[in-house]
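K.L.:
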Amino acid sequence: MRGWEAGTSAPYPEHRQPLADALDVTLDGLDRLLDGLSLGESGITSAARFDSTTVHTAGRGRVPAFFAGSSGGKRKPDNVEELLMNAAEESFDFLSWAESTNVGDLTIEQMHTEVRRIAHAYLKVPTLPLFSRTLALRDRAFGLLSGHQAPRHARELYAAAGWSLTLLSWISVDLGRPDAAEDHARAAWMCAERADHNPLRAWVRATQHTAAFWQADYDTAAQHAADGLNYTGTGTAKLFLSSALALDLARAGHADRADSTLLQAQQIAETVTRAEDELAGPLTCSLERAGSLWSDTDLVLGRADSALAYADRAVAAFEAAPNELRNRGSERMTRVQQVKAHLVLRDLASAEGALRPVLDTPPVNRVRPLVHRVTEVGTLATEIGGSTDATARRIHGAVTDFRRDTVIEELTA
1 MRGWEAGTSA PYPEHRQPLA DALDVTLDGL DRLLDGLSLG ESGITSAARF
51 DSTTVHTAGR GRVPAFFAGS SGGKRKPDNV EELLMNAAEE SFDFLSWAES
101 TNVGDLTIEQ MHTEVRRIAH AYLKVPTLPL FSRTLALRDR AFGLLSGHQA
151 PRHARELYAA AGWSLTLLSW ISVDLGRPDA AEDHARAAWM CAERADHNPL
201 RAWVRATQHT AAFWQADYDT AAQHAADGLN YTGTGTAKLF LSSALALDLA
251 RAGHADRADS TLLQAQQIAE TVTRAEDELA GPLTCSLERA GSLWSDTDLV
301 LGRADSALAY ADRAVAAFEA APNELRNRGS ERMTRVQQVK AHLVLRDLAS
351 AEGALRPVLD TPPVNRVRPL VHRVTEVGTL ATEIGGSTDA TARRIHGAVT
401 DFRRDTVIEE LTA
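Residues 1 to 413 (full-length UniProt numbering) are what the sequence shown spells out, left to right.
(1) Cα separation between L157 and P129?
(2) Considering only residues of the segment 162-220, which uninterrupted alpha helix (DSSP H) runs meet the minimum length of 4 residues and lie entirely inside it, listed in chain order?
(3) How would you label T261, buried or exposed, when you count the other beta carbons within 10 angstroms and need 16 or more for buried?
(4) State the start and end residues of the unbroken alpha helix (DSSP H) segment that holds L380.
(5) Taking 6 Å as the limit between beta carbons, can you name the residues of its chain near Q215, skipping five residues before and five after?
(6) Suppose you measure from the CA of A237 to the CA of V103; what does that come to, to the nearest Å?
(7) For I395, tell me which candidate among N323, G378, Y310, I171 has the shortest Cα-Cα distance.
(8) Using CA coordinates, which residue listed in P151, A154, R138 is at the minimum distance from A188?
(9) Please determine whether the Cβ atom of E383 lies at a distance below 8 Å from any heavy atom of the ligand SAM.
(10) Quick check: the Cα distance between D312 and Q338, rounded to an integer number of angstroms?
(11) Report the residue ranges of all alpha helix (DSSP H) runs contained in full by the segment 102-126; include only those spanning at least 4 residues, in chain order.
(12) Considering only their Cβ atoms, is the gap separating V358 from I384 smaller than 9 Å?
(13) How big is the Cα-Cα spacing for S286 and E352?
(14) Quick one, which of A88, M85, T273, C191 has its alpha-carbon nearest L239's?
(15) So, for K124: in the same chain, excluding its five sequence neighbours on each side, which residues have a beta-carbon less than 7 Å away from its beta-carbon?
(16) So with Cβ pairs under 9 Å, would you call S306 a contact of chain D?
(17) Tell me the DSSP secondary structure of E242 in three-state form.
(18) Distance check for T113 and R289, CA to CA, integer angstroms please.
(19) Ignore the nearest five residues each way along the sequence and tell me which others in Q266's own chain have a CB closer than 8 Å to its CB.
(20) Under 8 Å: do the segment 84-93 and the segment 243-251 share three or more Cβ pairs, one atom per stretch?
(21) One question on the structure: do T391 and L325 come within less than 9 Å of each other, judged by their Cβ atoms?
(22) Taking its Cβ as the centre, do 16 or more other Cβ atoms sit within 10 Å of G281, making it buried, or is it exposed?
(23) Considering only residues of the same chain and omitting the five flanking positions on each side of D405, which have a CB-CB separation below 8 Å?
(24) On the criterion of 16 or more Cβ atoms from any shown chain inside 10 Å, does D360 qualify as buried, or is it exposed?
(25) Helix, strand or coil: which one does DSSP assign to E270?
(26) On the DSSP letters alone, give me the boundaries of the alpha helix (DSSP H) that S350 sits inside.
(27) From V336 to D298, what distance separates their C-alpha atoms?
(28) What's the C-alpha gap between residue 431 and R332?
(29) Using DSSP with H/G/I as helix, E/B as strand and the rest coil, what is A321?
(30) How far does the alpha helix (DSSP H) with A390 in it reach, from first residue to last?
(31) Looking at F142 and A161, is the spacing between their C-beta atoms short of 9 Å?
(32) Quick check on G291: buried or exposed, where buried means 16 or more other Cβ atoms within 10 Å of its Cβ?
Quick look at the structure:
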């Protein structure tokens, strides 16, 4: 052995395999190791000489020194024993690094608490400050993910980042940029995959449905909604996605499939329960929110009477809900469904009355989807009542005034 270490002799053939096994190298690796022991060299080169592969940890910040091997600035070991001990020290260094973390349980808990607060405040507070608050949460999650943490903490961080991206996507739709919403949603899907979190997967798909829907790409919206149903084990995402899918199919012209899907959604509504850890705002679906989608579906399918009935029941349920659980955004959209159903039934007086609460919406909450639907009301009123009907003219004038003062104009002023 001393001869091998000194480079004055080579192992006998029958000793080569046992030596290779002891050093945990291949026979070729043993030959390269012995080459480094030849006379005239100062000693054995580091194991890094035989494996120049650089270990990258994307998104983890600065790579620990031991990942780059032991050749950088370290004295070359003089013998095999020193080589083995150096390797053991590097493994110990790795252990110390692997056990370190840049985040703890309390930080994780705080981030998920902030997600809940933002979701609960959705469409109850001014939109732009809420967007900025959500953006700060996303950036905080991204910053922590660029460091090092235990796998379970990394999954929780990806979940927090994914929820914040999902909320950014919804708000982007509200601010009139469903195309930007798609970018947030794609990143949210990646986070859901890294977190291996099905509720997040389901609501990301719901968000992607929404972004496609408000670009009038109903087939793509339907594809997202249908795929999201694969991840709905618990909670109300299944109710939202099935109801949204029925509307997508109706808008895409698939009446028969829309009818059967609508029936499935109503069957789901009979047994659905809200998960204990479910978020609020756009990331939950009450029966009244689903009823709004059913009303829209029936109106598209030419059933104005049943559309009005769904909308009436949903509005009554919204009004009866505790304030902290009341989804004002969905309620306003449902009231617009009431108005449109009354117009289709040629009851302009009832339509005007149902429109008044919508017209009272503060400008900071007049988001693009709501403005779009209210604009449809003005157009429909003119079509139904003509230019001579006084009620139709009042509705059209009120809609024109409503559109002048919206959150978009406020943000760009």
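Glycine is no exception: its CB is placed at the ideal position from the N, C-alpha and C atoms.
P.N.:
Put simply:
(1) 23 Å
(2) 178-195, 198-213
(3) buried
(4) 368-385
(5) P178
(6) 30 Å
(7) G378
(8) R138
(9) Only the bare structure without any ligand can be found here, which leaves the ligand SAM out of the picture.
(10) 7 Å
(11) 105-121
(12) no
(13) 27 Å
(14) Ranked by Cα distance from L239, the first of A88, M85, T273, C191 is T273.
(15) R328
(16) Annotation note: the requested chain D is absent from the structure, which comprises a single protein chain.
(17) Note that residue 242 corresponds to Ser in the displayed sequence, not to Glu. Reduced to three states, the DSSP call for S242 is helix.
(18) 24 Å
(19) W294
(20) no
(21) no
(22) G281 comes out buried.
(23) P363, R366
(24) With fewer than 16 Cβ atoms within 10 Å of its Cβ, D360 is classed as exposed.
(25) coil
(26) 348-359
(27) 14 Å
(28) No statement about residue 431 is possible, as the shown extent of the chain runs from 1 to 413 and does not include it.
(29) coil
(30) 390-404
(31) yes
(32) buried
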